[in-house]
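Residue numbers (this note's numbering): 121 to 365. We put the CB at the ideal spot given by N, CA and C, even for glycine. Below is one structure, written out as structure tokens; comments come after it.
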Amino acid sequence: MRRRGFLSALGAGFVAGCNRLADSGPGGRVLRTAESWHEAAQRLLNPPGALAPEYARAQISPFFRGNGSVNPTNGDYQAHVAAGFADWRLRVGGLVDHPLEFTVDEIRALPQRSQITRHDCVEGWSAIGEWTGPQLSLLLEAAGVQPAARYAVFHCADELDGSRYYESVDLADAYHPQTIVAHMLNGAPLPVRNGAPLRMRIERQLGYKHAKYLTGIDLVASLAGIGGGKGGYWEDRGYQWYAGI
Ligand SMILES: Nc1nc2c(c(=O)[nH]1)N[C@H]1C(S)=C(S)[C@@H](COP(=O)(O)O)O[C@H]1N2
Ligand SMILES: [Mo]
Numbered sequence: 121m122r123r124r125g126f127l128s129a130l131g132a133g134f135v136a137g138c139n140r141l142a143d144s145g146p147g148g149r150v151l152r153t154a155e156s157w158h159e160a161a162q163r164l165l166n167p168p169g170a171l172a173p174e175y176a177r178a179q180i181s182p183f184f185r186g187n188g189s190v191n192p193t194n195g196d197y198q199a200h201v202a203a204g205f206a207d208w209r210l211r212v213g214g215l216v217d218h219p220l221e222f223t224v225d226e227i228r229a230l231p232q233r234s235q236i237t238r239h240d241c242v243e244g245w246s247a248i249g250e251w252t253g254p255q256l257s258l259l260l261e262a263a264g265v266q267p268a269a270r271y272a273v274f275h276c277a278d279e280l281d282g283s284r285y286y287e288s289v290d291l292a293d294a295y296h297p298q299t300i301v302a303h304m305l306n307g308a309p310l311p312v313r314n315g316a317p318l319r320m321r322i323e324r325q326l327g328y329k330h331a332k333y334l335t336g337i338d339l340v341a342s343l344a345g346i347g348g349g350k351g352g353y354w355e356d357r358g359y360q361w362y363a364g365i
């Protein structure tokens, strides 16, 4: 990147002042794209613009545990840890007009959102933490999402049992104001156990949707052919793709 291209694209996004959700009108697109009764019902109860609850500082959990991968040993992840993630890159590509690449410093330099939310893991634990980072919508507007795109796929650096972790959401969740690329937890850089240097926060869905160790985001028309084709590491192993809470 292409920083110059990125900044002008970002400017254009701000000027346009709208996103594809606004264009498609309240609710309609979401119900058309709902893939199950569960998802359709969740979407009705929790319409696209609705915010997940946010909490007070005093409610932050004293310790935010790690789950799943907590210290990846595959690939060059440990070398990135040793280098303080100076060479980490977040790629945004697929069905976009301007493929982008960000350093962690570039992510930190964007307008930021902080939110204190509760993370719910299907394994039966929850924790409240304050997450900080740019809204994913900023990156998407800078990249220029093409009309054929329906999903954002999140690629991760870690492997579990020899398979790369990955996740995906539809564009309603991708453009949601609380969907951020977090680089801080409770005011400090993300600990390795919680996904350093970058992880997604998808606040209206369960914990497994929140991809850690984020290396790339691809806009795609279909989830077929990615991983096991079900839209995520745990989805490929039987979990629901739409994990609304
Ligand atoms: N890359 C990656 N992302 C991941 C996982 C993982 O193993 N690898 N585990 C998921 C699950 S099941 C949960 S509950 C949360 C845990 O986030 P935490 O480690 O910050 O508690 O990350 C999710 N994202
Ligand atoms: Mo989880």
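- Message: Counting C-beta neighbours from all protein chains within 10 Å, is the total for T193 16 or more, i.e. buried, or is it exposed?
- Response: That one is exposed.
- Message: Out of N191, H200, D207 and G347, which one is the CA nearest neighbour of F274?
- Response: G347
- Item | Nearest to A268 (by Cα), restricted to the options D217, L210, D356 and A199 | D217
- Just grab the DSSP bridge partners of H218 for me. According to DSSP, H218 bridges with nothing at all.
- Item | Own chain, CB closer than 6 Å to E159, minus 5 neighbours either side, in chain order | Y362
- Below 6 Å CB to CB, which residues in the same chain sit around I248 once its five sequence neighbours on both sides are set aside? Sequence-distant Cβ neighbours of I248 in its own chain, meaning closer than 6 Å and more than five residues away, are Y175, Q179, I180, S181 and R238.
- Counting Cβ pairs closer than 8 Å, one from the stretch 284-295 and one from the stretch 211-227, do we hit at least three? No, because fewer than three Cβ pairs between the stretch 284-295 and the stretch 211-227 fall closer than 8 Å, the two stretches do not touch.
- Any idea if L151 is buried or exposed, counting beta-carbon neighbours within 10 angstroms, 16 or more meaning buried? Confidence is the limiting factor: at L151 the pLDDT is only 46, short of 50, which leaves the residue's position unreliable, though a coordinate-based value still follows. Counting Cβ neighbours within 10 Å, L151 comes out exposed, since fewer than 16 surround it.
- Query: Are the beta-carbon atoms of L210 and L280 separated by less than 8 Å?
  - Reply: no
- Query: Buried or exposed: where does R163 fall if 16 or more other Cβ atoms within 10 Å of its Cβ makes it buried?
  - Reply: With a 10 Å radius around the Cβ and a threshold of 16 neighbouring Cβ atoms, R163 comes out buried.
- Skipping 5 residues on each side, what residues in its chain have a beta carbon closer than 7 Å to that of D207? H200
- May I ask which residues mark the beginning and end of the alpha helix (DSSP H) holding L280? That residue, L280, is in no alpha helix (DSSP H); its beta strand (DSSP E) goes Y271 to L280.
- In chain order, which alpha helix (DSSP H) runs of at least 4 residues are fully inside the stretch 252-326? 256-263 and 291-294
- Message: For a test of the three-state rule: what should DSSP assign to L339, helix, strand or coil?
- Response: strand
- Query: Cβ atoms of T335 and C276: under 8 Å apart, would you say?
  - Reply: yes
- Taking Cβ positions, are K329 and V265 nearer each other than 8 Å? no
- Query: Among N191, E250, L339 and E261, which residue has its Cα nearest to the Cα of E367?
  - Reply: As shown, the chain starts at 121 and ends at 365. That puts residue 367 outside it, with no answer to give.
- So does K80 have its beta carbon nearer than 7 Å to some heavy atom of ligand 1? This structure does not reach residue 80, given that the chain is present from 121 up to 365, and the question cannot be answered.
- Query: From D278 to G186, what distance separates their C-alpha atoms?
  - Reply: 14 Å
- Message: Using the Cβ count rule (16 or more neighbours within 10 Å means buried), how would you classify W157?
- Response: exposed
- Query: CB of L258 to nearest heavy atom of ligand 1: below 7 Å?
  - Reply: No, Cβ of L258 sits at least 7 Å from all heavy atoms of ligand 1.
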